[in-house]
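Chains as they are written, first to last, in the working numbering: chain A, 1 to 186; chain B, 1001 to 1186. The beta-carbon is built from N, C-alpha and C at its ideal position, and this holds for glycine as well. Since the structure is predicted, the reported quantities are computational estimates derived from the model, not experimental observations. Worksheet for the structure shown next.
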DNA sequence: GTCTATAAGCAGATAGAC
DNA sequence: GTCTATCTGCTTATAGAC
């Protein structure tokens, strides 16, 4: 892997785990075993440019990942269970959720940087689009599908936060059992 | 209000909005119109001690607030609607959610400071206890009540995050309409 | 109990050699 | 394209006057 890709890969992980301000440039440098010269060659506008690039990388990763899962399963409910199972496995293996979420960045940066807020907003919209498409295939109206998709996104993000706070994967497992109730026609 | 209470009040607000690292000591000083001398007199162990104190203050505020609402309404569903309505009003008035949430602190500090993670974990548990008690009164079994309470907490926290990201109160309103589906016997 | 002045260290960023 | 050395400014925290 070339240096730039490596920087993005490692920085993305760090940002997702510790947030933007929680990660120093020098920490990224150490993890990559490179020096400032290399980093500022690839990202002339520094740390914030790197963050935006990382968010785009997260975008790619999450979107393709979810799409693959959602194509693999017949119904939204099956797909969701498989997806959450993957998150649980990820958490139990690594102690954190490295993919799928960027809430640490959102809650920290939403009030501080408009471009970052916007990028995050678009990413959430994209994820929900995948849910909505599948839900419409399941037979829901477009409006209902949109509401359910939002509920799915919110509860999964919230559950991930509870997993990190309580240091167990239980919250995600519980969500997985309760979500089917949301997938019934109201 | 005495100086210490004022520091706690203002710092709590700032921490909730911008996270821990997002707020500098000097920013707190400016907002309080005091100087370092005063702050370090009241909090000899500096910024982290102040954060813990603020989390305890948030604990008090959230717990009493939710308890009052939950005593006012007959069913969990009514209470939840009233609570979310209050959050929406708060958001539309101030542009942020100043009470009720501390997700910015959680996602940033969970991996960095055990004492902070623990304090947050206890706070979430306390909130869920209130929901569980009401749900049992509604007729749910203790296990089911616990699952639903977790789902409520996760979806509200997630929805707050989406509100901040999208800069609209819609997500909370949508959650308010979808949550009743979770409150039906499965 | 609150002030001013200052310390010590780290942040992000730049310049120029190789 | 990557290195080293350096700069500026900001961070938290301390010391001591009032």
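Residue i: contacting residues in chain B (beta-carbon distance under 7 angstroms)
i: residue 14 of chain A; result: Under the 7 angstroms cutoff, chain B gives no residues; its nearest Cβ is about 10 angstroms from residue 14 of chain A.
i: residue 157 of chain A; result: 1158 and 1161
i: residue 182 of chain A; result: 1178, 1181 and 1182
Chain-order list of residues whose beta-carbon lies under 6 angstroms from that of residue i (same chain, five-residue window excluded)
i: residue 1104 of chain B; result: 1019
i: residue 1116 of chain B; result: 1109
i: residue 1106 of chain B; result: 1120
i: residue 17 of chain A; result: 96
i: residue 66 of chain A; result: 130
i: residue 1083 of chain B; result: 1069
i: residue 25 of chain A; result: 47
Residue i: contacting residues in chain A (beta-carbon distance under 8 angstroms)
i: residue 1148 of chain B; result: 178
i: residue 1019 of chain B; result: 19, 21, 107 and 108
i: residue 1054 of chain B; result: Per Cβ cutoff of 8 angstroms: no residues; residue 1054 of chain B is ~16 angstroms from chain A at best.
i: residue 1121 of chain B; result: 165, 166 and 167
Collapsed DSSP secondary structure at residue i in the structure displayed
i: residue 1020 of chain B; result: coil
i: residue 1110 of chain B; result: coil
i: residue 1030 of chain B; result: helix
i: residue 1074 of chain B; result: coil
i: residue 1 of chain A; result: coil
i: residue 1140 of chain B; result: coil
i: residue 1181 of chain B; result: helix
i: residue 1115 of chain B; result: helix
i: residue 1176 of chain B; result: helix
i: residue 1155 of chain B; result: helix
i: residue 15 of chain A; result: helix
i: residue 9 of chain A; result: helix
i: residue 91 of chain A; result: helix
i: residue 131 of chain A; result: helix
i: residue 206 of chain A; result: Residue 206 of chain A lies beyond the range of chain A shown here (1 to 186); nothing can be said about it.
i: residue 37 of chain A; result: helix
i: residue 1062 of chain B; result: helix
i: residue 122 of chain A; result: helix
i: residue 1097 of chain B; result: coil
Cβ shell of residue i (< 7 angstroms), same chain only, five flanking positions each side left out
i: residue 100 of chain A; result: 62 and 87
i: residue 149 of chain A; result: 128, 131, 132 and 135
i: residue 32 of chain A; result: 6, 7 and 10
i: residue 1159 of chain B; result: 1171, 1172 and 1175
i: residue 1023 of chain B; result: 1014 and 1015
Chain-ordered chain A contacts of residue i [CB-CB under 9 angstroms]
i: residue 1037 of chain B; result: Here the premise fails: no neighbours, minimum Cβ distance about 26 angstroms.
i: residue 1088 of chain B; result: Near residue 1088 of chain B there are no residues of chain A at all, since even the closest Cβ is about 14 angstroms away, more than 9 angstroms.
Neighbourhood of residue i by C-beta distance below 8 angstroms, restricted to the same chain and skipping five residues each side
i: residue 1035 of chain B; result: 1029
i: residue 1161 of chain B; result: 1103
i: residue 1054 of chain B; result: 1008, 1011, 1012 and 1015
i: residue 1052 of chain B; result: 1115, 1116 and 1119
i: residue 146 of chain A; result: 128 and 132
i: residue 1142 of chain B; result: 1132 and 1136
Within chain B, the residues that residue i reaches when beta carbons sit closer than 8 angstroms
i: residue 112 of chain A; result: 1018 and 1022
i: residue 124 of chain A; result: 1162, 1165 and 1166
i: residue 96 of chain A; result: 1111
i: residue 153 of chain A; result: 1158 and 1162
i: residue 115 of chain A; result: The contacting residues do not exist; residue 115 of chain A stays about 13 angstroms from chain B at best.
i: residue 44 of chain A; result: Going along chain B, no residue has its Cβ under 8 angstroms from residue 44 of chain A, so there is no contact; the nearest lies around 25 angstroms.
i: residue 103 of chain A; result: 1103, 1107 and 1161
Beta-carbon neighbours of residue i, restricted to chain B and to distances below 9 angstroms
i: residue 63 of chain A; result: Correct list: empty, because the minimum Cβ distance to chain B is about 16 angstroms.
i: residue 57 of chain A; result: By Cβ distance, chain B contributes nothing, its closest Cβ being about 18 angstroms from residue 57 of chain A, past 9 angstroms.
heavy atom of the ligand FMN below 7 angstroms from residue i C-beta
i: residue 95 of chain A; result: No copy of the ligand FMN occurs in the structure displayed, which carries no ligand at all.
Under 7 angstroms from the C-beta of residue i: neighbouring residues of chain A
i: residue 1175 of chain B; result: 151 and 154
Inter-stretch contact (C-beta, 8 angstroms, three-pair minimum) for the region 1171-1186 of chain B and the region 159-166 of chain A: no
Taking three-plus beta-carbon pairs below 8 angstroms as touching, is the region 140-159 of chain A in contact with the region 1109-1117 of chain B? no
So, does the region 36-56 of chain A touch the region 125-141 of chain A, judging by three or more C-beta pairs under 8 angstroms? no
Whether or not the region 3-17 of chain A and the region 25-42 of chain A are in contact is what I'm after, with contact meaning three or more pairs of Cβ atoms, one per stretch, closer than 8 angstroms; do they touch? Contact check between the region 25-42 of chain A and the region 3-17 of chain A: three or more CB pairs, one atom from each, fall below 8 angstroms, which counts as touching.
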